[in-house]
Each structure stands twice: as C-alpha cells, then as structure tokens.
Amino acid sequence: MASHRVAVVGGDGIGPEVIEQGLRVIDAAGVSLETVAYQLGGARYLEDGTVLPDSVLEEWRELDAIYLGAVGAPGVPPGVIERGLLLKMRFDLDLYINHRPFKLAANGSNPGHEFVVVRENTEGAYAGEGGFLKKGTPDEIATQGSVNTRKGAERAIRYAFELATGRKNHLTLVHKTNVLTFSGDLWQRAFNEVAEEFPSVDTAYSHVDAACIYFVQDPQRYDVIVTDNLFGDILTDLGGAVSGGIGLAASANLNPPRTGPSMFEPVHGSAPDIAGQGKANPIAAIASGAMMLEFLGEAEAAARIAEACDACVDLTGSTSEIGAAVSSKLQGPQ
Ligand code: NAI
Ligand code: MG
C-alpha cells in the first residue's frame, strides 16, 4: 500500500486530543501514514518565540498533507498565531480553497441536507493590507483593506463550479455586491464569466446577511456556495452551529493543482475552556482526516470513515470513547 507523508500539528488545547483520535481512526481504517510531528502553536510561542519557521515550511513542501488540530493559547497577543502560523501557511503554501462541508440531520418533517461552502482562502480582508496613522493618539486612524485579485476570485469560483458539476449542478455566490461595489463587482463579473464555461450549472446569488437568515431558516436552498475569505469565515461558523455544532465541522485547506501539500483541520479552535478534560468532540477532526484521505487518493477508506462519523454524531462520551466508537465501526471485513 502506498504510504502518505503527513505533517501532524496537534497544536494547543484540545487540538492534540482530537488529532490523536483522528490518527487512531485512520489506522483502524487500514491506511498507513508516515507522520512527522511538529510542536507548534501558542504554547510553543510562549516557550521560545517560535511561530512557523521558513525551514519548517520548506520541509512541508516535500510532504503530501498537513493534519492540524487547532492553534491558539491564552496569553498570546492577538494575531501572532493567526497571522504568523495559520495565514502564513495558507498564503505560502497557496492553500487557496477552504472547503467546508455541512450535514444537517433529518429532523421531524425536515429531510436531511448536505451543502458545502467554498471559501477563498488567501485574499480579501485577511491579506494584511492596511495600517495605522497617529496610533495611540486621539486622532488615531486604522485602515484594513480587502484585497481582491481577478485571478484569486476566479480560481476559487472555478473550483466551486467544478465541485457543483459533480454534485447537484447548483452554485450560489454569496457577497455583498450592493454595498461593496468594487470587490463585489469583480467577484460578480468573474462569477458570470466562469458560469459560461459551465452551462449545466444553475447559479444563484445571496447577499451575505440574507445568507445568514437562510442558513438558519432554509439551508435546503443551498448546495455549493462560493464566497470571499471574511464572509466565508463567518458563514462557516454559522454553518457549524446549524448543523450539529462546531464539534462536527470539518475542513480542508486545499492547493488544488497540488504544487505542495494541502492542510486538513477541524473548523473549531483550541477550546481552552474544555482542554485537558476529555470533553472535546473528536468528530470534526476525524471527519477532517477523512477529507485528507480522500485527497490522498484513499477514497474508499475516506468514505468508510465519513459513514462511521455519521453513525456516531449523536454519541455522548469522552473524546477517546467517541474515537473508539468510530474506530470500532471500521473493524471487521473490508
Ligand atoms: P473555539 O472553537 O476554540 O471554542 C468555541 C466554543 O466551542 C467553546 O465553548 C468550546 O468549548 C467549544 N468547542 C470547540 N471545539 C469543540 C469540540 N471539538 N467539542 C466540544 N466543544 C467544542 O473558539 P474560541 O474560543 O474563539 O478560540 C479559542 C482559541 O482557538 C483561540 O486562541 C483562537 O485563536 C483559536 N482558534 C484556532 C483556530 C484554528 O486553529 N484553526 C480556529 C478558531 C480559533
Ligand atoms: Mg473561523
């Protein structure tokens, strides 16, 4: 069997706890990974100031994937880990797609429903454009621009159209084109032009504020959504909340042309409030592991893990009890 070389960053708080279960489940599914562990995150920064050295990024470029728990610890100034580790990884490895699937369980007369948010992952308000004038004075000014390149919007949109083609042929652009008339216009034009290459895909548009209402009241209207970095960040936390909780939401940070590794992580953070207590739900991390296997060409094992996760979403128990329950569904004849 082919072995896949994977960097494992447990990170902080509940990160290592959920990643341990993710690796256990991958093992139970019979897939062998060659893992390299990296101690990075808030705790490491507080220890010796290390965030994400370029030498580590160079090592990662040679690997197939990165499997990350969560990073961030109390006592670390805002931005150090977010910009220095998570965003640096996304930007330097060109992980330009953040692919986040959501599953709503059937509930009374409501049938179950699945949808995917494709979030542009390298630009927008997160690009770091901006600065201060007269900082710390009463006349202080801060600007934070949104950087939107035609290439960046278009490649995210094209990925979403390709994804929609393999699903229900339905794609919704989410933005705020009525107010953000520059970036929104670029996104809308790129969307309309790429749409011409995919005549079989029906298209729709929601303003981001309306999308928040529909996520709660009528998520069935969506199959694939494409949106920018900031709207996608906020919308996918809401997606997690309406589809069984943040403990279930998985994500992939993809470099689709595979010029380097892609990164797989749960949507949630390091949850310092429950760290070390065995209370973290590992399903999001396990499901992210399944997305990683699928990307690595292990589609059959990925599908079995995803199915086992579905069967365990209502389980209560400790982190390791839930990991054991998912693993036990994978044993037996394959
Ligand atoms: P969070 O996602 O860590 O926690 C929010 C709430 O959800 C908490 O009440 C937590 O207990 C709960 N929760 C999260 N994951 C859970 C799980 N698997 N099972 C059960 N409950 C769960 O977000 P928060 O509190 O805003 O951030 C905490 C730290 O994590 C911060 O340092 C933040 O910067 C970092 N963070 C890191 C991310 C990453 O590594 N990609 C993403 C989001 C936050
Ligand atoms: Mg977020």
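Using my numbering, read the sequence shown as starting at 2 and increasing by one per residue.
We put the CB at the ideal spot given by N, CA and C, even for glycine.
In this structure, the CA atom of ARG168 is about 16 Å from the CA atom of GLY113.
Here SER271 carries a coil assignment [DSSP, helix/strand/coil].
When secondary structure is reduced to three states using DSSP, LEU174 falls in the strand class.
Of the residues ILE142, ALA44, ARG159 and LYS89, the one whose Cα lies closest to the Cα of PRO257 is ARG159. In this structure, ARG120 sits near ASN99, with a CB-CB distance shorter than 8 Å. Taken in chain order, the unbroken stretches of alpha helix (DSSP H) that lie wholly in the region 278-303 and span 4 residues or more are 284-296.
Under the DSSP definition of a beta bridge, LYS104 partners with GLU115. CA-to-CA, the gap between ALA300 and LEU69 works out to about 20 Å. For the pair ILE275 and ILE287, the CB atoms are not nearer than the 8 Å cut-off. Set against 7 Å, the gap from the CB of GLU21 to the closest heavy atom of the ligand NAI is not smaller. In the three-state DSSP reduction, PHE183 falls in the coil class, being neither helix nor strand.
Contact between VAL19 and TYR39 is ruled out by a C-beta separation of about 16 Å, above the 8 Å threshold.
Per DSSP, the beta bridge partners of SER207 are VAL175.
By the C-beta density criterion, ASP210 is exposed, having fewer than 16 other C-beta atoms within 10 angstroms. Around the beta carbon of SER33, fewer than 16 other beta carbons lie within 10 angstroms, which makes this residue exposed. Between the C-alpha atoms of ALA106 and ILE142 there is a straight-line separation of about 47 Å.
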